[in-house]
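Enquirer: Handing you this structure, nothing more for now.
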Amino acid sequence: MENKKYLNEENYQKTKKKIKVIAVIILVIGIIIGGSLIATGLMKQSKVNSQYSEESKTNVSQQLEIEKQNIIKAKTELENKIKPIEDQIKTLKREPFTGFNDEYYARQDKIEELEKSIANDTSSIEVIDDALDESFNHCKFNEAKNNVYTSKYCSLKLQLDDISNDFNKSFDSHGSIPFYMFGAFVIIASGMISLAVYMFAKRREIIAFGAQTVVPVAKEVVEDVAPTVGNAVGTIGKELAKGIKEGINEANK
29 MENKKYLNEE NYQKTKKKIK VIAVIILVIG IIIGGSLIAT GLMKQSKVNS
79 QYSEESKTNV SQQLEIEKQN IIKAKTELEN KIKPIEDQIK TLKREPFTGF
129 NDEYYARQDK IEELEKSIAN DTSSIEVIDD ALDESFNHCK FNEAKNNVYT
179 SKYCSLKLQL DDISNDFNKS FDSHGSIPFY MFGAFVIIAS GMISLAVYMF
229 AKRREIIAFG AQTVVPVAKE VVEDVAPTVG NAVGTIGKEL AKGIKEGINE
279 ANK
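Residue numbers (my numbering): 29 to 281.
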């Protein structure tokens, strides 16, 4: 039966090639993942820079001014709409009091009915006045943020306040730092792992190189020591032969 040799040069070269391919794959995957993380961080930072740019501030300011004129116009229309009803209410309230009779209660019911009919419009006018108040930012509260007339204006105003705040820009910029850190870590770690795998594949060459640097030194040591050892052995042999010869001579006497 034919013996199959597993530790031959062909199998070694195939195994080494596979290990080197694995090392390259690890490095490529690490670069792709790490590069993707870093690219994500760069995109986030670019978005922050664009959001807080002077161009963005100017654009929002222009939209805010347009919307401001719109709600001022809406306020005027509401005031014109409710003015006849308010005048009617004032007229009813000026009528002289003649006692708690049917006419009085009918008049009160009419006033209450008219006030209810303009309650929403009156409330909207008050909300618009609050939203336009420069001394206090009423747009932070739900009444102004959710009002049909002031919701867009308040959204733009809050957006302008946000992008004009340097602290907010700095805080948002920090959100991209973890992507840079993890991306760099993945690339460095994959590079180290890939190098370790590659060195493992080249271990025989490394060992051979180490042996090549050690063998000449050992050879020099042997060459230096051999003559000394040879001379010592020769001297011992001569002395031993001399002793044997003298012993034989003594015996013959």
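For glycine and all other residues, C-beta sits at the position ideal for the given N, C-alpha and C.
Just to confirm my understanding: we take Ile-57, look at its own chain, exclude 5 residues before and 5 after, and list those with CB closer than 7 Å. What are they?
Expert: If we look at Ile-57 and ignore the five residues flanking it on each side, its Cβ neighbours are Ser-218.
Enquirer: Tell me whether Glu-123 sits in a helix, a strand or coil according to DSSP, three-state version.
Expert: Looking at Glu-123 - three-state DSSP - the assignment turns out to be coil, as it is neither helix nor strand.
Enquirer: At the level of alpha carbons, what is the spacing between Lys-44 and Ile-191?
Expert: The straight-line gap from Cα to Cα measures roughly 57 Å.
Enquirer: In three-state terms, what does DSSP make of Glu-37?
Expert: Glu-37 falls in the helix class under three-state DSSP.
Enquirer: What's the call for Ala-51, buried or exposed, on a 16-neighbour Cβ count within 10 Å?
Expert: It is buried - the Cβ of Ala-51 has at least 16 other Cβ atoms within 10 Å.
Enquirer: For Thr-119, is the classification buried or exposed, using 16 other Cβ atoms within 10 angstroms of its Cβ as the cut-off for buried?
Expert: With fewer than 16 Cβ atoms within 10 Å of its Cβ, Thr-119 is classed as exposed.
Enquirer: To the nearest angstrom, how far is the alpha carbon of Phe-195 from that of Ala-224?
Expert: Spanning the two alpha carbons is a distance of roughly 44 Å.
Enquirer: When we look at the beta-carbon of Lys-42 and count the other beta-carbons within 10 Å, is it buried (16 or more) or exposed?
Expert: Label assigned to Lys-42: exposed.
Enquirer: Contact defined as beta carbons within less than 8 Å: I believe Thr-228 pairs with Ile-47. What is the distance between those atoms, to the nearest angstrom?
Expert: A small fix is needed here, since residue 228 is Phe in this sequence, not Thr. Between Ile-47 and Phe-228 the Cβ distance is about 6 Å, and since that is below 8 Å, they are a contact.
Enquirer: So Asn-175 packs on Ser-198, CB below 8 Å; how close in whole Å?
Expert: Contact doesn't hold; Cβ gap of about 33 Å is too wide.
Enquirer: In this structure, does DSSP put Ser-151 in helix, strand or coil?
Expert: Reduced to three states, the DSSP call for Ser-151 is helix.
Enquirer: How about Ile-215 and Ile-59: do their beta carbons lie closer than 9 Å?
Expert: Yes, the pair counts as a contact, with Cβ atoms nearer than the cut-off.
Enquirer: Counting pairs of Cβ atoms below 8 Å between the stretch 106-120 and the stretch 138-150, do you hit three or more?
Expert: Contact between the stretch 106-120 and the stretch 138-150 is present, because at least three Cβ pairs lie under 8 Å.
Enquirer: How would you call Gly-211, buried or exposed, if buried means at least 16 neighbouring beta carbons within 10 angstroms?
Expert: Buried, by the Cβ-count rule.
Enquirer: Going straight from the alpha carbon of Gln-187 to that of His-202, what length do you get?
Expert: Distance between the alpha carbons of Gln-187 and His-202: 20 Å.
Enquirer: Would you kindly work out how many angstroms separate the C-alpha atoms of Glu-154 and Thr-126, rounded to a whole number?
Expert: Roughly 35 Å separates the two Cα atoms.
Enquirer: Can you say whether Ala-159 is buried or exposed, counting buried as having 16 or more other CB atoms within 10 angstroms of its CB?
Expert: Buried, because 16 or more other Cβ atoms sit within 10 Å of the Cβ of Ala-159.
Enquirer: I need the DSSP call for Ser-201, collapsed to helix, strand or coil.
Expert: It is helical.
Enquirer: Please report how far the alpha carbon of Thr-178 lies from the alpha carbon of His-166, in whole angstroms.
Expert: Thr-178 and His-166: Cα-Cα distance of roughly 10 Å.
Enquirer: Closest by CA to Ser-183, which one among Lys-111, Leu-65, Ser-89?
Expert: Measuring from the Cα of Ser-183, the nearest candidate turns out to be Ser-89.
Enquirer: Check this for me: beta carbons of Glu-95 and Ile-117, under 9 Å apart or not?
Expert: No, these two residues do not count as a Cβ contact at 9 Å.
Enquirer: So, does the CB of Asn-148 fall closer than 9 Å to a CB anywhere in chain B?
Expert: Absent from the structure: chain B. Only one protein chain is present.
Enquirer: Measure how close the beta-carbons of Ile-139 and Lys-121 come, nearest whole angstrom, since I'm counting them as under 8 Å.
Expert: Indeed they touch by this definition, with Cβ atoms about 7 Å apart.
Enquirer: Confirm, please, whether the CB-CB distance from Ile-113 to Ser-81 is below 9 Å.
Expert: Cβ distance not < 9 Å, so Ser-81 and Ile-113 don't count as in contact.
Enquirer: Where does Ser-84 fall in DSSP's three states?
Expert: Of the three classes helix, strand and coil, the one that applies to Ser-84 here is helix, per DSSP.
Enquirer: I believe Ser-204 touches Lys-72 by the beta-carbon criterion, under 8 Å. Please report the beta-carbon distance rounded to the nearest angstrom.
Expert: At roughly 4 Å, the Cβ-Cβ gap stays under 8 Å, so Ser-204 and Lys-72 are in contact.
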